[in-house]
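Input: a single structure, listed below in structure tokens.
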Amino acid sequence: MLVLPQKREFNFFIFIILIIFIISLRTPSFLDLNNFMDILNDTAILTMVAIGQLMIIVTGGIDLSVDASLALTGMSVALLNQHYPEIPLFIIILISITIGLLLGSINGLLVSQAKIPPVITTLGTMSIYRGLVFVICKGTWVSAHEMTEAFREFPRRSFLGISNLIFIALLIIVLFLIFLSLTKTGREIYGVGGNKTAAQYVGINLNKINYLAYTLCGGITGLAGFLWVARYAAAQSETAIGFNFQTIAACVVGGVSITGGSGTVIGVVLGAFFIGIVYDSLTMINVSPFWQMAIQGFIILFAIIINTIMDKRNQQLLLRKRSFNE
Amino acid sequence: MNNCILEMKGIRKYFYGVKALEGVDFKIKTGEVHALIGENGAGKSTLVKILAGVYQPNAGTIIFNHKSVQFLSPQISQQAGISAIHQEATMFPELSVTENIFIGHHIRNKSNGLLSWKEMKDKTQALLNRLELDIHPDTKVKNLSVAQRHMVEVAKALSLNAKIVIMDEPTSALTIKEVEYLYKIIRKLKSENKAVIFISHKFEEIFEIADYFTVLRDGKYIGEGKMAEVTMDEIIQMVIGRNLEHRYPQIEAEQGNTILKVKNLTRIGFFKDISFELHQGEILGFFGLVGAGRTEVMQTIFGIEALTSGEVFINGKKVNIANPAEAMNYGLAYIPEDRQLQGTILKMNIKENVTLSIINKISRHFFLDKEKELKITEQYGKQIEIKASSWQQLVEDLSGGNQQKVVLAKWIATKPRILIMDEPTKGIDVATKATVHNIISELAKQGIAIILVSSELPEILGMSNNIIVMHEGAITTKFTRDKANSENIIKAAIGSILS
Ligand SMILES: Nc1ncnc2c1ncn2[C@@H]1O[C@H](COP(=O)(O)OP(=O)(O)OP(=O)(O)O)[C@@H](O)[C@H]1O
Ligand SMILES: [Mg+2]
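Protein chains in written order, with the working numbering: chain A, 1 to 326; chain B, 1001 to 1499.
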């Protein structure tokens, strides 16, 4: 919950460096600046949405519908762009965020007002949102040549060597780092997840906090939807299927407690980056695609175990060092 | 023949460098009730947790039944014949009483190996009867009151047929009647030649029930002896290392205007027709047995539960408080009785817990002011003597009494005009209790109106200007301080209405 990266995150960072080093022994080109930028570009979207997921998991909930919301938003703006190419890009971006906020707020309302458990709610909306993708695209897809160039090129366009995609991800990281660790509402989010009765007793509005978490996550996801279809220059009905689990994995690898109440933005950023490296490197060192999924799963589990062990050790070290600053 | 059933020698335990125990000796005989005494954070719970196999000691030996043993897990300790009622709830709220009692040592049907629920239920019923508890074996634990849960824990310990029964502050949630039950049970265990380790901060209880005592201070062994051969003052001297002058402050605060007026407050099924007035600078005591409805009344006033009918006036104006946030806006604060469930956020540190209730005050616009956060925590943390290695320590890792202090600090920090305290000194040691009592009087002197809900008669008598006694959801009697004595209060609490 601190702003500065904690010891735990630092250790995880070292672990990642170590992994990169090992991979580059086998595949020196892995360390290429270009390849490195590729990895960053590949993980930018995951990082953003995982931060949204983090917020929800911290409150004690979960959002399984992020992949479907992402696809629905992506498809909507792609169709819009195809049929009304004259609409300026910043309007498109605003629309994608708005649709995302809307989809997220539906989850938020169901969880906070109708009191439906988050897993059930978002499993339901996942199907609904995915179903709607099929409905609006009528089974077809929007391909690269049907998009305007401005639309398609936006994520890639770069300034000082940094692509818009990375730039936006950085913006989200900084915004939510500040939001979760330095603001009142951020603190309340951790409070609700840590013990909702105690939070209620100090006058925190549980419904408001829950609603807010799902809605904000939706907003990020909507933006990610636009970035996704633009980057891959395709909007399909299957876009991003299974992406919801990646976001959860990024959180868990990054040390977020799945029962709520704890987890940091830095941890999640590292978690997403780690997953990005794993995916990328498996392709680069020519692991058979048949094996890739199983190995990914294995490595992620391994990281979680390491992380848990490190966390215990860190607490020991921390406690030993802490003393009253009288 | 030496009937010493357990001997622990030179026990050391460090939590990541925090010294909880530094070479503690402890021994207990069969048929003995042994009081383990010490301040909050002295290491009592840690010692019994080592015995119960929850923690492993860093050094020291345990001789049980004349053999050197290691309790590597709670199961091993239980099988050896040690059963523990821990300070923290260890029940499964969603399971029934029977399931809770037999979890970990289910009874199986000999012929087919399936669980034999009928037998377990019968045994549970028998245990409940033995404890004279009016609880159905199928009731889910979440539907029981705090006191009933404790009694179920006792039943569980009995079901294990243990040689040593550990009770870590078993009475902190019980009132007179239940405590009497508990004494009866403890005497019974004693007559069956079992050893009982009894932890409590209430010295009257210790003198009533224990035969022998061991005192710990700051994780160190201080001394032991027969209860019959010491005085209360000597024990207190050992516990805190100095003499304690604990007289109830008994201040005659000047009572000001009526600040809170409650008229015919009713919540069907919980309490009815509650009316009273509270003045600035007044300490109004609420006494009653567990289940009398005091907590429910307070929760309703604070907007946690909805009322069925009745009116609440603050400063003469009728108010409708729908939730705690509104209550806090009217200057109310409510210190809940269950610190783990309602009071603290265990995963947050002390600082974050203390300031969560005043989060608006420690934030400028939208942002938290970390410096102010630390300053306020320091101010109240020191005032109320929270013992921790730092303000960043997770509340989860504090001793039970210190968790309670965090809750007190958190609510006093809101600077309320009306402060409702529900069992504020539950689980708090003698020295701190005196501090808390002084703080309460100090607040009253400043004109804050205080409602003190307590099941401790001396506390109610010593602190209150006026006393209200409740029984089964209704007010039976109101006393002014000069008219009240323990006799007529208890009579009112058990339901015989006085004129
Ligand atoms: N899991 C833990 N991690 C870190 N420190 C701990 C842990 N458990 C206990 N401690 C520390 O060990 C010391 C002894 O705690 P313990 O719970 O044994 O006290 P106690 O005598 O039972 O106090 P109380 O009367 O308040 O219940 C305290 O300083 C406490 O902060
Ligand atoms: Mg304890």
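Even for Gly, the Cβ is constructed at its ideal location relative to N, Cα and C.
Predicted, not measured: the structure shown is a model, and the values here were computed from it.
Closer than 7 Å from C-beta to any heavy atom of ligand 2: which residues, in chain order?
Residues with their Cβ less than 7 Å from any non-hydrogen atom of ligand 2, running along the chain, are B/Lys1044, B/Ser1045, B/Gln1087, B/Asp1168, B/Glu1169, B/Ile1199, B/Ser1399, B/Gly1400 and B/Gly1401.
Could you name the residues of the same chain whose beta carbon sits closer than 6 Å to that of threonine 1432 of chain B, not counting the 5 residues immediately before and after it, in chain order?
Only Glu1385 meet the Cβ criterion.
What distance in whole Å lies between the Cβ atoms of isoleucine 1460 of chain B and isoleucine 1467 of chain B, which are believed to be in contact at a cut-off of 8 Å?
That belief holds up - the Cβ atoms of isoleucine 1467 of chain B and isoleucine 1460 of chain B are roughly 6 Å apart, short of 8 Å.
So glycine 209 of chain A and isoleucine 189 of chain A are in contact, right, with Cβ under 8 Å, and what is the actual spacing, rounded?
Residue 209 of chain A is actually isoleucine in this sequence, not glycine. Sure, about 6 Å apart at Cβ, within 8 Å.
Any beta-carbon of chain A closer than 8 Å to the one on serine 1357 of chain B?
Chain A contact via Cβ: present.
Determine which residues share a DSSP beta bridge with serine 105 of chain A and list them.
Bridge partners of serine 105 of chain A: none, in fact.
Continuous beta strand (DSSP E) stretch holding aspartate 1025 of chain B: start and end:
If you look at aspartate 1025 of chain B, you'll find it in the beta strand (DSSP E) that goes 1018-1029.
Can you list the alpha helix (DSSP H) stretches of 4 or more residues lying completely in the region 1278-1316 of chain B, in chain order?
As summarised for the region 1278-1316 of chain B, the continuous alpha helix (DSSP H) elements at least 4 residues long and confined to that stretch are 1294-1301, given in chain order.
Own chain partners of glycine 139 of chain A with C-beta closer than 8 Å, once the 5 adjacent residues on each side are dropped
Excluding residues within five positions, the ones whose Cβ falls inside 8 Å are Ser237.
Aspartate 1429 of chain B CB to nearest heavy atom of ligand 1 below 7 Å
True, at least one ligand heavy atom lies under 7 Å from that Cβ.
Check the Cβ of lysine 1347 of chain B against every Cβ in chain A and list those closer than 7 Å, keeping chain order.
What lysine 1347 of chain B touches in chain A: Gly194, Gly261 and Ser262.
Just checking: is the beta-carbon of glycine 1081 of chain B within a distance shorter than 8 Å of some beta-carbon in chain A?
Output row for glycine 1081 of chain B: interface = no.
Using a Cβ cut-off of 9 Å, pull out every chain B residue sitting near glutamate 238 of chain A, in sequence order please.
Those do not exist, as glutamate 238 of chain A stays about 39 Å from chain B at its closest Cβ, beyond 9 Å.
Is there a Cβ of chain A sitting closer than 8 Å to that of tyrosine 1055 of chain B, yes or no?
Closer than 8 Å: no.
Within the continuous beta strand (DSSP E) that includes alanine 1449 of chain B, where are the two ends?
Per DSSP, alanine 1449 of chain B belongs to the beta strand (DSSP E) from 1449-1453.
Using a Cβ-Cβ cutoff of less than 6 Å, which residues in the same chain neighbour glycine 225 of chain A once the five nearest sequence positions on both sides are dropped?
Around glycine 225 of chain A: Leu70, Thr73, Gly74 and Ser96.
Run through chain B and tell me which residues come within less than 9 Å of asparagine 205 of chain A, C-beta to C-beta.
The answer, in chain order, is Asn1323 and Ala1325.
Enumerate, from N- to C-terminal direction, the unbroken alpha helix (DSSP H) stretches of 4 or more residues contained entirely within the region 1312-1368 of chain B.
Within the region 1312-1368 of chain B, the complete alpha helix (DSSP H) runs of at least 4 residues are 1324-1329 and 1350-1356.
Please confirm whether any heavy atom of ligand 1 lies closer than 7 Å to the CB of aspartate 1233 of chain B.
No.
Run down chain B in chain order and give the residues with a C-beta less than 8 Å from the C-beta of alanine 213 of chain A.
Here the premise fails: no neighbours, minimum Cβ distance about 16 Å.
For arginine 1108 of chain B: DSSP bridge partner residues:
Partner(s): B/Leu1115.
Interface positions of the region 1200-1216 of chain B facing chain A (Cβ-Cβ less than 8 Å), listed along the chain
Within the region 1200-1216 of chain B, contact with chain A at the beta-carbon level (separation under 8 Å) is assigned to no residue.
Hey, is asparagine 1040 of chain B close to ligand 1, as in C-beta under 7 Å from one of its heavy atoms?
Short note on asparagine 1040 of chain B: C-beta closer than 7 Å to some heavy atom of ligand 1.
Could you please give the first and the last residue of the uninterrupted beta strand (DSSP E) stretch that includes leucine 1265 of chain B?
DSSP places leucine 1265 of chain B in the uninterrupted beta strand (DSSP E) bounded by 1258-1267.
Beta carbon of alanine 1333 of chain B nearer than 8 Å to that of leucine 1260 of chain B:
Not closer than 8 Å, so no.
Could you check if isoleucine 1050 of chain B is buried or exposed, using at least 16 other CB atoms within 10 Å of its CB as the buried criterion?
Flag for isoleucine 1050 of chain B reads buried.
One question on the structure: do asparagine 1349 of chain B and glutamine 1404 of chain B come within less than 8 Å of each other, judged by their Cβ atoms?
No, the Cβ-Cβ distance between asparagine 1349 of chain B and glutamine 1404 of chain B is not below 8 Å.
Is it true that the CB of glycine 1241 of chain B sits closer than 8 Å to the CB of leucine 1021 of chain B?
In this structure, glycine 1241 of chain B does not lie closer than 8 Å to leucine 1021 of chain B by Cβ.
Quick check on DSSP: helix, strand or coil for leucine 216 of chain A?
The answer is helix: DSSP assigns leucine 216 of chain A an H, G or I state.
Within 10 Å of its beta-carbon, does tyrosine 211 of chain A have 16 or more other beta-carbons around it, so buried, or fewer, so exposed?
By the 16-neighbour rule on beta-carbons within 10 angstroms, tyrosine 211 of chain A is buried.
Identify the contact partners of glutamine 1342 of chain B in chain A, using a Cβ-Cβ distance below 9 Å as the criterion.
For glutamine 1342 of chain B, the residues of chain A that pass the 9 Å Cβ criterion are Asn195, Thr197, Ala198, Gln200 and Tyr201, in the order they occur in the chain.
Apart from the five residues on each side of it in sequence, which residues of its chain come closer than 8 Å, Cβ to Cβ, to alanine 150 of chain A?
Its chain contains Leu89 as the residues whose beta carbon lies nearer than 8 Å to that of alanine 150 of chain A, once the 5 sequence neighbours on both sides are disregarded; these appear in chain order.
Cross-strand partners of threonine 1480 of chain B (DSSP beta bridge):
Its beta-bridge partners are B/Asn1466.
Taking only three categories from DSSP, how would you classify histidine 1150 of chain B?
The answer is helix: DSSP assigns histidine 1150 of chain B an H, G or I state.
Look up tyrosine 1014 of chain B in the DSSP assignment and say whether it is helix, strand or coil.
DSSP, read as helix, strand or coil, puts tyrosine 1014 of chain B in strand.
Under 8 Å, do isoleucine 1312 of chain B and valine 1239 of chain B count as touching if we go by C-beta distance?
The displayed chain sequence assigns valine, not isoleucine, to residue 1312 of chain B. No. Outside cutoff.
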